[in-house]
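Under the numbering used here, read the sequence shown as residues 1 to 633, first letter to last.
For each residue, glycine too, the CB sits at the ideal point set by N, CA and C.
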Amino acid sequence: MAAHQSTTPASAQEARDVAEDARESAWEHPSFVKELFLGRFRFDLVHPHPPEDPAAMQAAAPFLERLRGFLERYDADLVDRTGEIPEAYVQELREMGAFGIKVPAEYGGLGLSQMAYVKAMEMVTSKCGSLCALLSASQSIGVPQPLKLFGTEEQKREFFPRIAKGGITAFALTEVNAGSDPANMTTTAVPTEDGAHWVINGEKLWCTNGTRADLFVVMARTPDREVNGRLRKKQITAFIVDARTPGITVKHRCRFMGLKAIENGWLSFTDVKVPARNILWGEGKGLKLALVTLNTGRLTIPASVAGATKALLRGVRQWAGERVQWGQPIARHDAIAQKVARMAANTFAMESVALMSTALYERGGTDIRLEAAIAKMFNTELAWRSVDDALQIRGGRGYETADSLRARGETPLPIERAMRDSRINLIFEGSSEIMRLFIAREAVDAHFSIAFPIVDPKSSMATRVKHLMKAAPFYLTWYPGTWVSSMRSYAGFGRLERHLEWLDRTTRRLGRAIFHAMLRYGPGLEKRQMVLFRAVDIGAELYAMASTVARAKMLAEQGNAEAMELAELFCREARDRVEASFRALHGRHDGALYRVAQRVVAGQHAWLEEGIVGEAGAEAPAAPVESRAAVGV
């Protein structure tokens, strides 16, 4: 045990060090997106579109059919109205194996594929976001995924059968002052004198499924220690914790704008004694475990929001064809027609991005950390714009609750619920801003690792010369290559051929733009977040276009030629967005915006707030402390 453990707030450098220690720096397999940021359009990595495994999907068919039947009987409006998922529903899900979809069959689970799992979550979300939160938090970021990736055989034998029988799990990382920046984590775990157990103390906030969980993955600070002669501070370790262990208290069940029935809690751990054998992967590896787990876990949300948007599209297209105003269906009015068309094209693109990312994972041989991050960021933002358009098309009926519509005898299309449920997707499992930071870090990594010492003002002349000699062979071939046409032929793609040619050219342009930005800003580039974010947005659009084209081509070969039309429309609009991002890349107004923001926060524009009555600054009442029994878990 170490002599001390720092509890002071993390400095900027410490936060950076913790993040870098956890970061996956090695690339064992190629990545389509990583190549994009280097200016290389490796279409061969995504085309032909990786096919689904027929045997795997056939094995999943009985479960998916049973799940569909359950969802057709499931009352999502009741769940939203009461803020509770009835136990009878949860028990039925347990009996069909819905909490152990990916748990290997040898441990009692269904043993289905990742593709089958995301399709199940897509279907669930098309009916109820709260239900998807219960199922996906338990399996995407809860105990099963890290246990599958990093668990010992002993751990798998102990915990997988419980999960397969319907054990609900949760992931406990976030705290009041530690979210995206885990260096500020204060929950601690210290070993007992005999080393047989660890004792956890601290609190966790916004723990999804925490109020109903049977098992947790708990992230805790473990004592500082020396590794290879270097003192490793602020170590984070992952523990599997049984919810029945004494000392775990649900202090509060959190309630939100949407996902009204989400089982999300503020938890306290007081002298919680956990067997040492319950450490996952190893001491100090918790944050890296979380990041690796999320590479796969993030595949759920892109498919989920695609499913929710597909359900909205069905309701909207029916309404637009039936609702008559000024003598014709509203779909005949250009303003509405454009929203419907854009929604259809974007829905196809969202599902294409989700399925491509999952297919690349299942195929293997591809590093999907960037693909998964972009899929999460891109799809959630596009879904939010789509639900906004859906509500606008439905007008007052979009703003009215499904219960109220039903009471008036109208079709109870729950668009207002979809909007409330959709908004959180841009925040949890990595907010859009954190996703962009993560992607940007990898986008510039190749250049920073090669050329950073050359442009760093702190580098000595000798250091610069040394690294210039190392970098020269790479840049003498790479940089000219970004200006030269690849001469690839994309014949056979019909109306999509021109978009592929544009993708090829624009990818090289992106590679140059990132390199030029590094030369322009040097080490200061990491602080020019909006410059990096715009580059990330360009990369995301390019990945979405490539995924959409590859899937449309696959579907056309299977007899669905209509997919080409949707892909072509999406590509047209994506190209406009990319060009806008290039024009704005260096942000002429970024400096002014930043300066005004600092003045606003400092109170120098507080006069704007005169004449209002608000809640800001009001003291919140103390939250009641509830026992686990009080909340029915």
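- Bridge pairing for Cys207: Gly265 [DSSP].
- Between Thr174 and Cys132, the C-beta gap is not smaller than 9 angstroms, which leaves the two residues out of contact.
- Put simply, the backbone Cα of Thr347 is about 17 angstroms away from that of Ala320.
- Membership of Ile514 in the alpha helix (DSSP H) is indicated by the continuous run 497-521.
- Setting aside the 5 residues that flank it on each side, Met518 is surrounded in the same chain by His447, Leu525, each with a C-beta closer than 6 angstroms to its C-beta; the list follows chain order.
- With fewer than 16 neighbouring CB atoms inside 10 Å of its own CB, Glu226 falls in the exposed class.
- The Cβ atoms of Ala56 and Ser352 lie no closer than 9 angstroms to each other.
- Less than 9 angstroms separates the beta-carbon of Ala303 from that of Met121.
- Secondary structure of Trp198 (DSSP, three-state): strand.
- Here the region 441-456 makes contact with the region 33-47; the two share three or more CB pairs at distances below 8 angstroms.
- The C-alpha of Gly108 lies about 46 angstroms from the C-alpha of Leu500.
- Under the DSSP assignment, Gln139 falls outside any beta strand (DSSP E); it carries neither an H nor an E label.
- With contacts defined by Cβ atoms closer than 9 angstroms, Gly166 and Glu95 form a contacting pair.
- Within the same chain, Cβ atoms closer than 7 angstroms to the Cβ of Thr222 are found at Ala189, Gln235, Thr237, Glu283, Gly284, the five residues on either side in sequence being excluded.
- One thing to note: Ile368 has its Cβ no nearer than 9 angstroms to the Cβ of Ser130.
- The Cβ atoms of Met343 and Ala390 sit closer than 9 angstroms to each other.
- Bounds of the beta strand (DSSP E) holding Gln235 are 235-242.
- Among the bridge pairs identified by DSSP, Met219 is matched with Ala238.
- Counting along the chain, the unbroken beta strand (DSSP E) around Val250 starts and ends at 248-253.
- Non-local beta-carbon contacts of Glu557 in its own chain, meaning distances under 8 angstroms to residues more than five positions away in sequence, are absent.
- Following the DSSP letters along the chain, one finds Pro161 in no beta strand (DSSP E) but inside the alpha helix (DSSP H) bounded by residues 153-164.
- Under DSSP, Ile279 forms a beta bridge with Phe239.
- Three or more beta-carbon pairs drawn from the region 532-549 and the region 581-598 are found closer than 8 angstroms, and the two stretches are therefore classed as touching.
- Under the criterion of beta carbons closer than 8 angstroms, Thr366 and His29 qualify as touching, at roughly 5 angstroms.
- Measuring C-alpha to C-alpha distances from Thr380 to each of Ala407, Arg298, Ile450 identifies Arg298 as the nearest.
- When Glu433, Glu410, Gly398 are compared, the shortest CA-CA separation from Met419 is found for Gly398.
- For Ala390, the enclosing alpha helix (DSSP H) has its first and last residue at 369-394.
- The C-alpha of Phe99 is placed about 19 angstroms away from the C-alpha of Val79.
- Between Val241 and Phe216, the CB-CB gap stays under 9 angstroms.
- As the crow flies, the alpha-carbon of Ala243 is around 5 angstroms from that of Asp214.
- Between Leu267 and Thr245, the gap from beta carbon to beta carbon reaches 9 angstroms or more.
- Nearest C-alpha to Leu542 among Gln114, Arg509, Leu312, Ala88: Arg509.
- In this structure, the CA atom of Val103 is about 33 angstroms from the CA atom of Pro414.
- In the three-state DSSP reduction, Phe171 falls in the strand class (E or B).
- According to DSSP, Pro191 shares a beta bridge with Trp198.
- Under a 10 Å Cβ-count criterion, Trp198 is classified as buried, with 16 or more other Cβ atoms of the shown protein chains found around its own Cβ.
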